[in-house]
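Right, dumping it as structure tokens:
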């Protein structure tokens, strides 16, 4: 005897093969003629599936619990169409389609094909105009709202994770649940078209079958017109009812699922939710009982049914009012203990919530009211949809995962046409978009040939000269080969530039630990030999943050750990270790800053300036710092301005080349005057690289 567990295990392991066989069998049903007894079994199976899905939809606590329903809709719809093809073949060839169809034609409608046709039309119209139409609209709105709510849900999960409300595994589970929910409602939006199309196909196929049956009966079988109409119409109506009743049940299941609003109870079901919500309003039941009683005493209306229903509803209302809300009355000892435990947990949770630091929004884009109105609709959806791609692009370039961006429209704390980018609710960048303007990547002087009035500005990413022009002139400059950006695209550019400039803000202990956890799988030795044997997690975070500050990608973390494994035994200063890591990433740095011809154009630092900085370095147990005299500092900065200000004014990012020992100190000085400049050391460049000096930075004393 086969055990139940064995059957269940067999079906679980081979469920993929069973589904594949089922789909192939459904397709085969459309081609291969079926005997009537097999058709009866399949029609019964169709009804069984429909009833089962309806019961499941009533008991699932939420739509996410039956995420395969869109695929089930497709398979069941295909199954019904295959049954219609098979039954049509039997009806037209043999005027016999088995006992199930005959029973529906004779017993359900008492052999009257006019009554059957009316019932069939009523069922089909209810399914098409009421259930399918309403469910389609609900699924469409749910899909859109779910998609719009995704960024907020993701940021809420990230905020709760940082606040310590749950661990990383729970955060991953919740993120996966959010993605699964969005995919489900998106699929349901399309799957409801199957239900709607199935109802239309049922009407068309029934009409065709009636006409074709009469032609076959009268022309081919020499049957009288009345007999042909009665025989084939009755069978076709029976076939239609057999198909439409399961279709109605499944479309009802789909409607229940897309309209299901969970009550917060994982074990809840639709019947329980409806009962709790109805009986929670006993006064409404009492008023309904009074109305039913009044209807019962109106002359001409049936008295007994109305008074009977009024009495039943009135007794229910009286019982609920007496018991209190939701049947509240005397509690048993066990129930009282449970209530005390729940209240204690609530108090504990409240104390914990008060002690918890309020979570900050890590990254936000606030848009003024007028600017928000300008991009409302399609461009706002485009902006929100492009943010994940932009974050992915920043990660691939710098190796830092930035948090989700909260886009807030109609912000009051910035101007009507302004936008503001905030990190941890602190503004770091603010911009303004002129009314009805687009950005073009060319300076205003070059646009004079088009007789276009332009307002000068800078490209937010490249720093090159750019201009604001009227949106009516956009087609003119685009036809000339210039790129343009409207308000939404411009804000995305500014957001991208801000994230790159502040990528180091998102390199913290938690983020670095996550990077190490992901790296430990493919590179276990690299992680275990460095962390924490040679260097602690906070020190590694310090090094990675310094690299990110200067735009050095952290994606090659295995190479970074390899360099640290070699150098951290003798060097303990994180600043010096950062310089060693930069030297170890020479191939990447060379590729990043060298031109296509393998040449890097630089400004070299005079040897006297390097010695001046080197002598001013002071080393302490806490680290090293630069103690340069104010006059020497101003002299070096004057030399920097004299050499680099031309490149910066033209929107170019100059490169300064110096020795590794003084690079980090010189970089701090240069960034005071020219933050766009990059300071490299000779040790960071590939020996095969051609260096082309175009200037020398010297101390310039007034």
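Numbering (this note's numbering), first residue to last: -3 to 698.
We treat Cβ as the ideally placed atom computed from N, Cα and C, and that holds for glycine.
| Check | Outcome |
| --- | --- |
| Which of the three DSSP states, helix, strand or coil, is assigned to residue 196? | helix |
| Can you say whether residue 293 is buried or exposed, counting buried as having 16 or more other CB atoms within 10 angstroms of its CB? | exposed |
| Specify the secondary structure class of residue 398 as computed by DSSP and reduced to three states. | coil |
| Where residue 495 and residue 606 are concerned, what is the direct C-alpha to C-alpha distance, given to the nearest angstrom? | 33 Å |
| Could you say if the stretch 661 to 671 and the stretch 629 to 638 meet the contact criterion of at least three C-beta pairs nearer than 8 Å? | yes |
| In three-state terms, what does DSSP make of residue 682? | coil |
| Measure the Cβ-Cβ separation of residue 253 and residue 59 and say whether it is below 7 Å. | yes |
| Bridge partners for residue 360 per DSSP, in chain order? | 402 and 418 |
| If we ignore side chains and look at the alpha-carbon of each, how far apart do residue 262 and residue 399 end up? | With a pLDDT of only 49 at residue 262, under 50, the local geometry of the prediction cannot be trusted, and no value is derived from it. |
| Which of the three DSSP states, helix, strand or coil, is assigned to residue 134? | helix |
| Under the assumption that residue 596 contacts residue 660 (Cβ atoms under 8 Å), give the Cβ distance between them as a whole number of angstroms. | The Cβ separation is near 19 Å, so there is no contact. |
| Please classify residue 278 as buried or exposed, where buried requires at least 16 other C-beta atoms within 10 Å of its C-beta. | buried |
| Based on the DSSP secondary-structure assignment, which residues constitute the bridge partners of residue 614? | 621 |
| If you drop the 5 nearest sequence neighbours on each side, which residues of the same chain put their C-beta closer than 7 Å to that of residue 17? | none |
| Within the continuous beta strand (DSSP E) that includes residue 599, where are the two ends? | 595 to 601 |
| Can you tell which of 504, 134 and 553 has the C-alpha that lies nearest to the C-alpha of residue 518? | 553 |
| What span of residues does the beta strand (DSSP E) with residue 293 cover, start to end? | Note, residue 293: premise wrong, no beta strand (DSSP E); not H, not E. |
| With 16 as the cutoff for other CB atoms within 10 Å, does residue 174 come out buried or exposed? | buried |
| On the premise that residue 83 lies in contact with residue 781, defined as a C-beta separation below 8 Å, what is that separation, rounded to the nearest angstrom? | With the chain running from -3 to 698 in the structure shown, residue 781 is simply not present. |
| Between 141, 120 and 648, which has its C-alpha nearest residue 598's C-alpha? | 648 |
| According to DSSP, simplified to helix, strand and coil, what is residue 328? | Here the model assigns residue 328 a pLDDT of 48, short of 50, so the residue's position is not dependable, and the following value carries that caveat. Coil. |
| If I measure Cβ to Cβ from residue 305 and keep anything under 7 Å in the same chain, skipping five residues before and after, which residues do I get? | 288 |
| Does the count of Cβ pairs from the stretch 57 to 71 and the stretch 127 to 134 closer than 8 Å reach three? | no |
| Have a look at the DSSP bridge pairing and note the partners of residue 430. | Residue 430 pairs with nothing; no bridge assigned. |
| Round the Cβ separation of residue 453 and residue 504 to the nearest angstrom and send it over; I've been treating them as touching at under 8 Å. | Not quite, the Cβ-Cβ distance comes to about 34 Å (not below 8 Å), so this is no contact. |
| Out of curiosity, what's the CA-to-CA distance linking residue 202 and residue 367? | 55 Å |
| Residue 691 by DSSP, collapsed to three states: which one? | strand |
| Compare the Cα-Cα distances from residue 230 to each of 622, 563, 87 and 560 and report the closest residue. | 87 |
| Where does residue 433 land, buried or exposed, given buried means 16+ other C-beta within 10 angstroms? | buried |
| Please report the straight-line C-alpha distance between residue 223 and residue 210, rounded to a whole angstrom. | 9 Å |
| CA-CA distance, residue 411 and residue 283? | 53 Å |
| Cα-Cα, which of 426, 448 and 459 is closest to residue 470? | 448 |
| In the DSSP assignment, the beta strand (DSSP E) including residue 653 goes from what residue to what residue? | 651 to 654 |
| By the 10 Å Cβ neighbour count, where 16 or more other Cβ atoms means buried, how is residue 195 classified, buried or exposed? | buried |
| Run through DSSP, which three-state label would residue 453 get? | strand |
| Give me the Cα-Cα distance between residue 693 and residue 415, rounded to the nearest whole angstrom. | 39 Å |
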